[in-house]
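*Asks:* Residue numbers (my numbering): 210 to 590. Idealized CB from N, CA, C, for every residue including glycine.
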Amino acid sequence: MNNTANENLIEIKEPKYNTNVSNHQLLMGQYIPPIDRLKIISPDEFEEMIEEWIYGYLIPRYGKVEKVVRIGGAGDKGRDVIAYRKYSKDSTEAVWENYQCKHYNGPLAPSEMWVEFGKLCYYTFIGDYSVPKKYYLVAPQGIGGKLHDLIMKPDELRSELIKNWNKKCLDSITKTKQVPLEGEFKVYTENFDFSIIDSVTPAELIEQYQKTIYFPFRFGGGLQKIPDRQSQVPEEVSEKELLYIEKLFNAYSDHKKEEINNIDDLKKYPVLRKHFNRQRTYFYQAESLKVFERDTIPNGVGAFNDLKNEVFHGIVDVVYSEYEDGLERLKVTNQEARKLVIEGNILASFINGNDKSGICHHLANEEDLEEEITWVIKDDE
């Protein structure tokens with residue numbers, strides 16, 4: 210290698226990385242803000258997210274939506290996600306909003322939307338669907354300044370659409386034929402109410418989506434709420450408690466060697482009565498996790514059932530060991546349940562010892578387990 214070549218070489222020093230990082234950062238990588246993560250999800254995921262936003266945010270707050278349909282793909286006729294305010298199989302009677310999802314590499318420009326606006330005019334003109342109440346543009350990178358200005362001035366938007374029709378819409382509305390802007394259709398387009406068109410900014414979308422139960426499953430960050438612990442246990446035993454309470458009375462009867470069948474029978478045993486009250490508190494504390502999952506976590510996750518399954522396998526061998534009586538079996542099982550380390554469950558950060566004891570009673574309250582959780586086992590001698 211000659212000297213001239215050597216002069217062009219640049220020595221590169223070893224990179225210095227930030228050493229002030231947590232173990233979590235080393236495992237999960239650098240945090241990506243939701244508004245940036247929004248830009249890299251797939252088009253299909255984005256449409257799913259819009260569905261979740263409608264179900265999780267718009268419906269609970271405004272209650273106007275009866276049905277949500279995602280069409281997407283070929284043949285959507287300019288409709289991606291439809292929210293029906295008043296649903297009817299006869300689309301001419303339906304009151305609906307269209308959420309047009311556009312997953313492009315930059316902010317939406319008018320040139321990318323002329324054909325969509327053309328479809329809106331054409332398919333409502335021929336009666337394939339009715340004019341929507343609102344037509345929202347939703348895009349990960351939002352809309353550009355020029356398109357925004359046109360949306361704010363519907364008459365100018367109409368004029369620009371007509372001006373660009375032959376270039377952008379004539380051959381692109383449908384693959385089967387040209388759609389010229391002439392005759393009655395031209396009159397219809399010239400009188401179309403383009404003020405129904407609006408947009409949802411990425412910031413608005415993220416801010417509202419954060420309030421849904423779906424947010425942590427797409428963007429991480431953990432659950433945004435905490436379980437609402439029931440401060441008082443109902444004085445009256447409810448029907449849903451009957452089986453585990455029957456097993457509690459059996460344990461007390463086995464311990465005292467006399468029949469204890471109800472709360473009145475416990476009155477002469479203050480220690481057992483206090484024990485009984487604690488078990489009901491534990492049951493309801495675990496019940497709060499069940500309710501929390503129902504109200505906070507999307508259907509199908511099954512976190513509470515997974516938790517019960519983990520506790521079941523953690524205690525079943527303890528239950529089927531030998532004890533002096535059923536009360537001892539119950540106490541030892543509860544103690545072992547409290548020692549269980551729960552990992553990998555979305556509820557794990559909320560679970561305490563009382564929950565684990567309560568889940569023992571939830572398991573005792575079930576009849577279809579592969580091995581029954583009970584406190585008096587007749588054949589354990």
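I think Asn563 touches Tyr453, with their Cβ atoms under 8 Å apart; what is that distance to the nearest whole Å?
*Replies:* Asn563 to Tyr453, Cβ: 15 Å. No contact.
*Asks:* Identify every run of the beta strand (DSSP E) within the stretch 254–293, keeping only runs that are complete inside it and at least 3 residues long; order them along the chain.
*Replies:* Counting whole runs of 3 or more residues, the stretch 254–293 contains the beta strand (DSSP E) stretches 276–279.
*Asks:* Would you give the residue range spanned by the beta strand (DSSP E) that Asp463 belongs to?
*Replies:* No beta strand (DSSP E) contains Asp463, which is instead part of the alpha helix (DSSP H) from Leu451 to Lys465.
*Asks:* Since Val527 contacts Thr505 with CB under 8 Å, what's their CB separation in whole angstroms?
*Replies:* Incorrect: roughly 31 Å between the Cβ atoms, too far for contact.
*Asks:* Check for me: the alpha helix (DSSP H) holding Glu306 runs from which residue to which?
*Replies:* Taken as a continuous stretch (DSSP letters only), Glu306 belongs to no alpha helix (DSSP H), being part of the beta strand (DSSP E) at Val304 to Cys310.
*Asks:* Spatial neighbours of Gly354 within its chain, please: CB distance less than 6 Å, with the 5 preceding and 5 following residues excluded, ordered by chain position.
*Replies:* For Gly354, where only same-chain residues beyond five positions count, there are no Cβ hits under 6 Å.
*Asks:* Could you work out which residue in Tyr338, Asn307, Ala303 and Gly351 is closest to Pro319 when comparing CA atoms only?
*Replies:* Closest option to Pro319, Cα to Cα, is Gly351.
*Asks:* Pull up the distance between the alpha-carbon of Glu496 and that of Gly567, whole angstroms please.
*Replies:* Roughly 8 Å separates the two Cα atoms.
*Asks:* Can you say whether Ala412 is buried or exposed, counting buried as having 16 or more other CB atoms within 10 angstroms of its CB?
*Replies:* Ala412 is exposed by the Cβ-count criterion.
*Asks:* Report the residue from His357, Glu306, Ile360 and Val520 whose alpha carbon sits nearest the alpha carbon of Lys342.
*Replies:* Measuring from the Cα of Lys342, the nearest candidate turns out to be Glu306.
*Asks:* Starting from Leu329, trace the alpha helix (DSSP H) both ways and give me its first and last residue.
*Replies:* Residues Pro319 to Phe334.
*Asks:* Give the list of continuous beta strand (DSSP E) stretches no shorter than 3 residues that lie fully inside the stretch 376–444.
*Replies:* Whole beta strand (DSSP E) segments, 3+ residues: 406–409.
*Asks:* Return the CA-CA distance between Lys449 and Arg489, expressed in angstroms with no decimal places.
*Replies:* Each residue's alpha carbon lies about 12 Å from the other.
*Asks:* Just list the residues that DSSP pairs Leu628 with in beta bridges.
*Replies:* This structure does not reach residue 628, given that the chain is present from 210 up to 590, and the question cannot be answered.
*Asks:* Leaving aside the five residues before and after Ile415 along the sequence, list all residues of the same chain whose C-beta is less than 7 Å from its C-beta, in chain order.
*Replies:* Within the same chain, Ile415 has close Cβ partners Pro243, Ile244 and Leu247.
*Asks:* Just how far apart, CA to CA, sit Ala546 and Ile263?
*Replies:* So the two alpha carbons sit approximately 40 Å from each other.
*Asks:* With a CB to CB cut of under 6 Å and the five nearest residues on each side skipped, what residues in its chain are close to Val388?
*Replies:* For Val388, where only same-chain residues beyond five positions count, the Cβ hits under 6 Å are Tyr331 and Ile382.
*Asks:* Less than 9 Å separating the beta-carbons of Val278 and Tyr266?
*Replies:* No. Outside cutoff.
*Asks:* Would you identify the three-state DSSP class for Lys362, choosing helix, strand or coil?
*Replies:* Of the three classes helix, strand and coil, the one that applies to Lys362 here is coil, per DSSP.
*Asks:* Who are the near neighbours of His233 in its chain, counting only those whose CB is closer than 6 Å to its CB and skipping five residues on each side?
*Replies:* In this prediction, His233 scores a pLDDT of 46, lower than 50, which makes its location untrustworthy; the coordinate-derived value is nonetheless stated afterwards. Contacts found: none.
*Asks:* Rounded to a whole number of angstroms, what is the C-alpha to C-alpha distance between Trp584 and Leu578?
*Replies:* Between Trp584 and Leu578, the C-alpha separation is close to 15 Å.
*Asks:* Which word fits Asn471, buried or exposed, when buried means at least 16 other C-beta atoms lie within 10 angstroms of its C-beta?
*Replies:* Its Cβ having fewer than 16 others within 10 Å, Asn471 is exposed.
*Asks:* How about Val347 and Cys310: are their beta carbons less than 9 Å apart?
*Replies:* Against a cut-off of 9 Å, the Cβ pair of Cys310 and Val347 comes out as a contact.
*Asks:* Measuring only the C-alpha atoms, how far is Tyr344 from Glu254?
*Replies:* Taking the straight line joining both Cα atoms gives about 20 Å.
*Asks:* According to DSSP, Ile352 sits in a beta bridge with which residue or residues?
*Replies:* According to DSSP, Ile352 bridges with Leu317.
*Asks:* According to DSSP, simplified to helix, strand and coil, what is Lys477?
*Replies:* Correct three-state label for Lys477: coil.
*Asks:* With DSSP as the reference, identify every bridge partner of Lys295, one or two as the case may be.
*Replies:* In the DSSP output, where bridge partners are listed per residue, Lys295 has Val304.
*Asks:* Going along the chain, which residues of its own chain have a beta-carbon closer than 7 Å to the beta-carbon of Thr421, five neighbours each way excluded?
*Replies:* Correct list, in chain order: Glu261, Trp262, Gly265 and Tyr266.
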